[in-house]
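In this text, residue positions in the sequence shown follow our numbering: the first is 9, and each later residue adds one.
Virtual Cβ for every residue (Gly too), placed ideally from N, Cα, C.
This one's a predicted model, so the numbers in the text were calculated from it and none came from an experiment.
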Amino acid sequence: QGDGPGALAAYQAGLTIREGLAKRDPANTQWQVDVAVSCGKLGSLNSILLIKERQEYLSRGLMLLTELKQAGKMHANQDWTDWFKNALSSLK
């Protein structure tokens, strides 16, 4: 708590790891969801990132989840599309 730069570094490292896993096995839905969750965490760092950067992360996470949902690959408990939409609308 209170360590914005530390949180940013940790979340970015987590995203890099998850992206590597997702690229290794693009058919693994959980790894794709994990990338979206990492984007959501980064998009929530309101004290350290500019609004534009937060919007980019949140938009990317929403896009990933929307693609999975439309393809019928996502379980109901993985559907955080409304959360991402609400987070994006709060930045406007």
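Residues near residue i by beta carbon distance below 8 Å, same chain, minus five either side
i   : result
L99 : I59, R62, Q63, L66
Of the residues the options, the one placed nearest residue i, counting alpha carbons only
i   : options            : result
L50 : M71, W39, L23      : L23
A35 : A95, M82, W88, N54 : M82
S52 : T37, D87, K77, Y19 : Y19
K93 : N85, L73, D33, A79 : L73
Residue i vs residue j beta-carbon contact at 8 Å
i   : j   : result
K77 : D87 : yes
L96 : L57 : no
R32 : V43 : no
Within-8 Å CB hit, residue i to chain C
i   : result
A35 : Protein chain content of the structure displayed is limited to a single chain, and chain C is not contained in it.
Alpha helix (DSSP H) segments (min. 4 residues) lying fully within the segment 14-99: 37-51, 59-78, 89-98
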